[in-house]
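Enquirer: Quick note, the numbering used here runs 5 ahead of the 1-based positions in the sequence shown.
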Amino acid sequence: MTKELSEKIINIKPSGIRKFFDLVSEMKDVISLGVGEPDFDTPWHIRDEGIYSLEKGKTFYTSNSGLKELRQEIVNYIKRTQNIEYNPLKEVIVTVGGSEAIDIGLRALINDGEEVIIPQPSYVSYEPCAILANAKPVIINLKSEDDFRLKPKDLINSITPKTKVLILPYPNNPTGAIMEKEDLEAIRKIIIDNDLYVMSDEIYSELSYKGKHISIASLEGMKERTILINGFSKSYAMTGWRLGYALAPEHIIKQMTKIHQFAIMCAPTTSQYAAIEALKNGDDDVSSMRQAYNQRRRFLLNEFKEMGLECFEPFGAFYVFPCIKEFGLSSEEFAKKLLQEEKVAAIPGSAFGNSGEGYLRISYAYSLKNLKEAMERLRRFVDKLRCK
Numbered sequence: 006m007t008k009e010l011s012e013k014i015i016n017i018k019p020s021g022i023r024k025f026f027d028l029v030s031e032m033k034d035v036i037s038l039g040v041g042e043p044d045f046d047t048p049w050h051i052r053d054e055g056i057y058s059l060e061k062g063k064t065f066y067t068s069n070s071g072l073k074e075l076r077q078e079i080v081n082y083i084k085r086t087q088n089i090e091y092n093p094l095k096e097v098i099v100t101v102g103g104s105e106a107i108d109i110g111l112r113a114l115i116n117d118g119e120e121v122i123i124p125q126p127s128y129v130s131y132e133p134c135a136i137l138a139n140a141k142p143v144i145i146n147l148k149s150e151d152d153f154r155l156k157p158k159d160l161i162n163s164i165t166p167k168t169k170v171l172i173l174p175y176p177n178n179p180t181g182a183i184m185e186k187e188d189l190e191a192i193r194k195i196i197i198d199n200d201l202y203v204m205s206d207e208i209y210s211e212l213s214y215k216g217k218h219i220s221i222a223s224l225e226g227m228k229e230r231t232i233l234i235n236g237f238s239k240s241y242a243m244t245g246w247r248l249g250y251a252l253a254p255e256h257i258i259k260q261m262t263k264i265h266q267f268a269i270m271c272a273p274t275t276s277q278y279a280a281i282e283a284l285k286n287g288d289d290d291v292s293s294m295r296q297a298y299n300q301r302r303r304f305l306l307n308e309f310k311e312m313g314l315e316c317f318e319p320f321g322a323f324y325v326f327p328c329i330k331e332f333g334l335s336s337e338e339f340a341k342k343l344l345q346e347e348k349v350a351a352i353p354g355s356a357f358g359n360s361g362e363g364y365l366r367i368s369y370a371y372s373l374k375n376l377k378e379a380m381e382r383l384r385r386f387v388d389k390l391r392c393k
């Protein structure tokens with residue numbers, strides 16, 4: 006009966022993350038370092054605003070694009086942090102998480118057979134969303150010796166007459182890599198000369214540990230060809246509120262809104278009221294969480310150094326991506342054995358693309374207590390492997 010189903014959907018592989026965590030769900034006493042979810046509660050003043058909106062009966066649909074006040078605060082935030090000006094009525098859409106923004110942004114841009122360049126390792130949704138938009142994904146394999154940054158020569162070599170969109174996934178999940186201003190400037194002219202659009206996924210923009218994050222949309226000539234995607238899940242510990250947004254030129258947002266209104270109608274109303282409070286008064290919360298993540302980041306890097314695990318220094322998000330090639334196991338084999346023998350869950354690097362093979366994604370969105378225990382178990386595990 007499978008012929009009744011879409012071959013395109015059947016041929017898309019399930020998420021490698023979810024596949025691995027089916028194993029985790031069946032085990033007890035596991036220290037999980039796999040989920041990219043802050044261990045902090047949503048700050049109380051943000052939760053309180055959501056509660057207040059319910060008490061006041063603000064439970065109706067908002068406009069398709071989102072509450073006008075929220076869109077204005079998003080524009081204020083981007084102006085404050087990136088010095089880019091957007092029209093809150095015409096160039097912003099509020100979405101159900103950043104993932105929806107990725108999906109509808111690609112569908113709004115792509116004609117059948119056009120190509121989307123996707124640097125990997127990267128977030129697991131990019132390639133399936135490109136396929137669902139009837140695009141051809143073109144993969145650039147990022148390298149650890151380049152700190153997993155996108156290099157101009159690799160971009161040039163990937164462009165064809167059918168190339169339409171470059172996905173720019175920085176700060177990066179799973180590697181923690183960043184692109185600094187000079188890196189972005191190095192690819193800007195290539196993008197403009199080849200008349201490409203950029204989908205810049207900046208969901209981890211507030212979690213940067215080497216100066217301020219720079220959006221490619223802030224560079225000369227780039228705002229008009231960039232869909233800037235961000236959200237509230239990572240920066241404000243609001244994963245379950247399911248709220249993101251996209252900023253882009255009016256003609257693109259208009260088409261994204263059309264898809265959004267037929268598929269979704271609007272993002273959750275309660276979440277939108279809470280998000281207004283987050284943007285207005287949440288800077289101190291973000292700063293304190295970023296400081297805690299940075300402490301954990303430095304702890305893990307020191308632990309890897311002491312146990313002899315190679316790992317480049319990540320400066321963004323809340324992931325480290327240590328290399329486990331020395332052990333002669335695939336990343337999936339390594340992760341499964343680590344889970345079975347030491348009850349520590351981490352994600353195989355191969356879940357994020359072929360270039361992630363030989364690496365392990367470890368999230369440090371967990372308490373130092375859990376991280377310390379997990380590192381003791383990991384040290385014991387790698388010592389056993391080296392003794393074989």
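Idealized CB from N, CA, C, for every residue including glycine.
For Gly181, count neighbouring C-beta atoms within 10 Å of its own C-beta (all shown protein chains included) and say buried if the count is 16 or more, exposed if not.
Expert: When all chains shown are included, Gly181 counts as buried.
Enquirer: To the nearest angstrom, report how far apart Leu305 and Phe317 are at their CA atoms.
Expert: So the alpha carbons of these two residues sit roughly 12 Å apart.
Enquirer: Tell me which residue opens and which closes the alpha helix (DSSP H) that Asp34 is part of.
Expert: First-last for Asp34: undefined, no H or E at that position.
Enquirer: Does DSSP put Ser368 in a helix, a strand or coil?
Expert: strand
Enquirer: Please classify Lys394: does DSSP put it in a helix, a strand, or coil?
Expert: The requested residue 394 does not occur in the structure, where the chain is confined to residues 6 to 393.
Enquirer: Where does the unbroken beta strand (DSSP E) through Ala251 begin, and where does it stop?
Expert: 249-252
Enquirer: So who's on the other strand from Leu233, going by DSSP bridges?
Expert: Ser205, Leu252
Enquirer: Alpha carbon to alpha carbon, what distance is there between Val35 and Leu248?
Expert: 29 Å
Enquirer: Which two residues bound the contiguous alpha helix (DSSP H) that contains Glu311?
Expert: Unbroken alpha helix (DSSP H) run through Glu311: 288-312.
Enquirer: For Gln125, which residues does DSSP report across the bridge?
Expert: Asn146
Enquirer: Would you say the stretch 76-86 touches the stretch 107-121, given that touching needs at least three Cβ pairs under 8 Å?
Expert: no
Enquirer: Of the residues Glu347, Met32, Ile183, which one's Cα is nearest the Cα of His218?
Expert: Per the Cα distances, Ile183.
Enquirer: In chain order, what residues of the same chain have a beta carbon less than 6 Å from the beta carbon of Ala222, not counting five sequence neighbours either side?
Expert: Ile89, Lys228, Thr231, Leu233
Enquirer: Buried or exposed for Lys169, please, with buried defined as at least 16 other CB atoms from any protein chain shown within 10 angstroms of its CB.
Expert: buried
Enquirer: If I measure Cβ to Cβ from Leu171 and keep anything under 6 Å in the same chain, skipping five residues before and after, which residues do I get?
Expert: Ile122, Leu201, Val203
Enquirer: Identify the continuous beta strand (DSSP E) that holds Thr180 and give its terminal residues.
Expert: Element bounds for Thr180: n/a, residue is neither H nor E.
Enquirer: What span of residues does the alpha helix (DSSP H) with Tyr86 cover, start to end?
Expert: What sits at residue 86 in the sequence shown is Thr, not Tyr. 73-87 is the span of the alpha helix (DSSP H), which, as asked, contains Thr86.
Enquirer: Go to Ile98, then tell me how far its alpha helix (DSSP H) extends in each direction, as first and last residue.
Expert: Element bounds for Ile98: not the alpha helix (DSSP H) but the beta strand (DSSP E), 97-100.
Enquirer: For the alpha helix (DSSP H) that Phe49 lies in, which residues bound it at each end?
Expert: Looking at the sequence provided, one finds Trp at residue 49 rather than Phe. That run of the alpha helix (DSSP H) goes 49-60.
Enquirer: Thinking just about the alpha-carbon of each residue, which of Gln260, Ile192, Lys63, Phe332 is nearest to the one in Lys393?
Expert: Phe332
Enquirer: Given a cut-off of 8 Å, decide if Arg303 and Leu373 are closer than it, judged by their beta-carbon atoms.
Expert: no
Enquirer: By the 10 Å Cβ neighbour count, where 16 or more other Cβ atoms means buried, how is Gly62 classified, buried or exposed?
Expert: exposed
Enquirer: Under 8 Å between the Cβ atoms of Ser336 and Leu38?
Expert: No.
Enquirer: Could you pull out every residue in the same chain whose Cβ sits closer than 6 Å to the Cβ of Val143, ignoring the five residues on either side in sequence?
Expert: Glu120, Ile122, Ser163
Enquirer: Please report how far the alpha carbon of Phe45 lies from the alpha carbon of Lys215, in whole angstroms.
Expert: 22 Å
Enquirer: With the cut-off set at 8 Å, would you say Ser238 and Ile258 are in Cβ contact?
Expert: no
Enquirer: Quick one: grab the DSSP three-state call for Cys328.
Expert: For Cys328, the secondary structure class from DSSP, reduced to helix, strand or coil, is strand.
Enquirer: How many Å lie between Glu308 and Leu137 at the Cα?
Expert: 41 Å
Enquirer: Only counting the same chain, and skipping five residues up and downstream in sequence, which positions put a Cβ closer than 8 Å to that of Tyr66?
Expert: These residues qualify, in order along the chain: Met270, Cys271, Thr274.
Enquirer: Going by DSSP, name the residue or residues bridged to Gly321.
Expert: Ser213
Enquirer: Classify Glu346 as helix, strand or coil using the three-state DSSP reduction.
Expert: helix
Enquirer: Roughly how many whole angstroms lie between the Cα atoms of Asn375 and Thr165?
Expert: Here the alpha carbon of Asn375 sits roughly 47 Å from the alpha carbon of Thr165.
Enquirer: Does the distance from the CB of Pro179 to the CB of Gly354 come in under 8 Å?
Expert: yes
Enquirer: Since Pro273 is in the alpha helix (DSSP H), which residue starts that stretch and which ends it?
Expert: Run containing Pro273: none; DSSP gives neither H nor E here.
Enquirer: Are the stretch 75-84 and the stretch 278-296 touching by the rule of at least three beta carbon pairs closer than 8 Å?
Expert: yes
Enquirer: Is it right to say Arg366 is buried, meaning 16 or more other beta carbons lie within 10 angstroms of its own, or is it exposed?
Expert: Burial call: buried.
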